[in-house]
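A.B. asks:
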Amino acid sequence: MTGGGYALRLRFGAALSGPCMRCLQPARPETVVDAREVDVPGETDDDLTSPYMTGEVLDIASWARDAFHLALPPSVVCRADCAGLCAECGIDLNTAEPGHHHERGPDPRWAKLRELDLS
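Structure, rendered in structure tokens:
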């Protein structure tokens, strides 16, 4: 307790586990949580009261859960430079030969325009 209140800090690391959102390979990104709370008993100002404190009891499970959710990355990827899957054939571009590409013909939705005689 400092100056009539509490200055709290929560730090921990956790790993997610699931498929990479780009290439579908297993991913296990590490997430570091560093959260702080302030609680001054008897205060009515929301900035000085913690929703995780009830009297002198700290609900650490709720605080850890909420802090973890806020620290989660926007997407789970196997690595930052993951190239994903080829949109044509579905091959993993991380393991494909360099320069992997497909020859594309004209878009079939525009085929009727070839029959148009503009002369």
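Residue numbers (my numbering): 15 to 133.
Backbone N, C-alpha and C define an ideal beta-carbon position, used for all residues, glycine too.
Run the CB neighbour count on W124, radius 10 Å, all protein chains shown included, and call it buried at 16 or more, exposed below.
C.D. replies: Counted from its first residue, the sequence shown places residue 124 at position 110. By the 10 Å Cβ count, W124 comes out exposed.
A.B. asks: Counting C-beta neighbours from all protein chains within 10 Å, is the total for A41 16 or more, i.e. buried, or is it exposed?
C.D. replies: Within the sequence shown, residue 41 is the residue found at index 27, counting from 1. Per the 10 Å Cβ criterion, buried.
A.B. asks: Can you grab the Cα-Cα spacing for the pair F26 / R79, in whole Å?
C.D. replies: Looking up residue 26 in the sequence shown gives position 12. Looking up residue 79 in the sequence shown gives position 65. Cα to Cα, F26 sits roughly 11 angstroms from R79.
A.B. asks: Does DSSP classify L127 as helix, strand or coil?
C.D. replies: Translated into the one-based positions of the sequence shown, residue 127 becomes position 113. Reduced to three states, the DSSP call for L127 is helix.
A.B. asks: Please report the straight-line C-alpha distance between D131 and G119, rounded to a whole angstrom.
C.D. replies: Stepping through the sequence shown from its first residue, residue 131 is reached at position 117. Stepping through the sequence shown from its first residue, residue 119 is reached at position 105. Approximately 21 angstroms, taken between the alpha carbons.
A.B. asks: Is DSSP giving D80 helix, strand or coil here?
C.D. replies: For the purposes of this step, residue 80 is taken as residue 66 along the sequence shown, with counting starting at 1. The answer is helix: DSSP assigns D80 an H, G or I state.
A.B. asks: Would you report the Cα separation of E129 and M35, rounded to the nearest angstrom?
C.D. replies: Locating residue 129 in the sequence shown gives position 115, counting from the first residue. Locating residue 35 in the sequence shown gives position 21, counting from the first residue. Whole-angstrom Cα-Cα distance: 42 angstroms.
A.B. asks: On the CB-based measure, 16 or more other CB atoms within 10 Å of its CB, does V71 come out buried or exposed?
C.D. replies: Taking the sequence shown and counting its residues from 1, the one referred to as residue 71 is at position 57. When all chains shown are included, V71 counts as exposed.
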